[in-house]
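According to our numbering, the sequence shown is numbered sequentially starting from 57.
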Amino acid sequence: MNQQANRKNISIVLLRPKYAGNVGAVARAAKNMGIGSITVVGAAALDREEMLKRSTHLAADVLEDIKYFDDVASALADFQYIVGTTSRVGKARGPFETPWKIADSVAAVSRKNKVALLFGPEDTGLANNELRYCQAVVTIPASRTFKSLNLSHAVMIMCYEIFTAALPETEALPAKWACTEELENMYKQIKELLAEIGFLHPENPDYWMMHLRRYFNRTGLTSREVKIIRGICRQLSWSERHKTT
């Protein structure tokens, strides 16, 4: 028998949603596909009655359990694998996957790791500085004449593909990876070290950091590996400050 995704480890994360009705519709779509965890980040006060109306009473429990955060870093801190969604493409934002291609990866990773499906505001989507948290970026194919999808429709497509994805019993599962908070602290330390030794261009330090993020995102790091890299950074920084000319 094939293993499916551990949907208890999968959460929908909505960044600054503008309309309460959309959040309600997302709750309904998520519950249809067996996902019961939603996080809302940086949203203004949302009309509860409108959310309930769009979710229907059968998904009211999902709305009751919504977690609210003021900023995206705090909301994503405990997740090990983050999938961002966008309709805007560009070299600085990819590489891109389709929902059905990423679904198998999510199914495998979710067996041991907490996964966030990150969706941006309805009008602007995710910005580059928000996509930097993501281990994978998904774009949903749509008509060129009208590429923007309703938020709940995008959520349903992603959740459906994950719901139907299955991992063969014989396939090795990924290890439990470091969470976002651990990775962000590591990236901060690497950035400080590279600036200290003059490797980063002072006017655009994030350019090379984005390439490093993409490299580590492809490999996946455990908590122990993060600690090793941070230890190397500390030693190199100490050597740089104490070297003799």
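Beta carbons are placed, not taken as given, at the ideal position from N, Cα and C, and that holds for glycine.
(1) Taking the runs of the beta strand (DSSP E) that are 3 residues or longer, which of them lie wholly in the segment 162 to 188?
(2) Quick check on this structure: which residue in D179, H209, I288 and N169 has the alpha carbon closest to the alpha carbon of T236?
(3) Comparing C-alpha positions only, which one of S111, I138, A198 and V97 sits nearest to N78?
(4) Threshold first: 4 residues or longer. Then list the alpha helix (DSSP H) segments lying entirely within the segment 251 to 290, N to C.
(5) So, helix, strand or coil for T236, using DSSP?
(6) Which residues does DSSP pair with E153 in a beta bridge?
(7) Determine, using beta-carbon pairs with one atom in the segment 263 to 275 and one in the segment 232 to 252, whether at least three such pairs fall under 8 Å.
(8) Report yes if the C-beta distance between G92 and V118 is below 8 Å; otherwise report no.
(9) When the Cα of C138 is compared with those of P151, V193, G181 and A86, which residue comes out closest?
(10) Let me check one thing: in DSSP terms, what residues is T141 bridge-paired to?
(11) Taking the alpha carbon of R84 as the reference point, which residue from P258, L207, H298 and R290 has its own alpha carbon closest?
(12) Do G80 and M107 have their CB atoms nearer than 8 Å?
(13) Considering only DSSP beta bridges, list what S93 is partnered with.
(14) Per DSSP, which one or two residues make a beta bridge with K355?
(15) Taking V211 as the reference, give the member of N65, S161, V128 and M89 with the closest Cα.
(16) How long is the line joining the alpha carbons of L102 and T220, rounded to whole angstroms?
(17) Can you look up L102 in the DSSP assignment and give me helix, strand or coil?
(18) Between the Cα of E281 and the Cα atoms of F175, W233 and M214, which residue gives the shortest distance?
So, from the data block:
(1) Correct list: 171 to 175.
(2) Numbered from 1 along the sequence shown, position 180 holds the residue referred to as residue 236. Out of D179, H209, I288 and N169, N169 has the C-alpha closest to the C-alpha of T236.
(3) Counting from one through the sequence shown, the residue named residue 78 turns up at place 22. For the residues S111, I138, A198 and V97, the minimum Cα distance to N78 belongs to S111.
(4) 262 to 275
(5) Locating residue 236 in the sequence shown gives position 180, where the first residue counts as 1. Helix.
(6) For the purposes of this step, residue 153 is taken as residue 97 along the sequence shown, with counting starting at 1. Paired residue(s): V194.
(7) Yes: the two stretches touch, three or more of their Cβ pairs being nearer than 8 Å.
(8) Counting from one through the sequence shown, the residue named residue 92 turns up at place 36. Counting from one through the sequence shown, the residue named residue 118 turns up at place 62. Yes, these two residues count as a Cβ contact at 8 Å.
(9) In the sequence shown, residue 138 corresponds to position 82, counting from 1. Here residue 138 is Ile; the residue named in the question, Cys, does not match the sequence. Ranking P151, V193, G181 and A86 by Cα distance to I138 puts V193 first.
(10) Locating residue 141 in the sequence shown gives position 85, counting from the first residue. DSSP lists V194 as the beta-bridge partner residues of T141.
(11) Position 28 of the sequence shown, counted from the start, is the residue given in the question as residue 84. The option with the nearest alpha carbon to R84 is L207.
(12) Stepping through the sequence shown from its first residue, residue 80 is reached at position 24. Stepping through the sequence shown from its first residue, residue 107 is reached at position 51. Going by C-beta atoms, G80 is nearer than 8 Å to M107.
(13) Counting from one through the sequence shown, the residue named residue 93 turns up at place 37. Beta bridge pairing from DSSP links S93 with S67.
(14) Here the chain covers residues 57 to 301 and nothing more, so residue 355 does not appear.
(15) The residue labelled residue 211 in the question sits at position 155 within the sequence shown. When each option's Cα is compared against that of V211, the closest is M89.
(16) The residue you call residue 102 lines up with position 46 of the sequence shown. The residue you call residue 220 lines up with position 164 of the sequence shown. Using only the alpha carbons, I get a separation of about 32 Å.
(17) Counting from one through the sequence shown, the residue named residue 102 turns up at place 46. It is coil, neither helix nor strand.
(18) Walking along the sequence shown from the start, residue 281 turns up at place 225. Per the Cα distances, W233.
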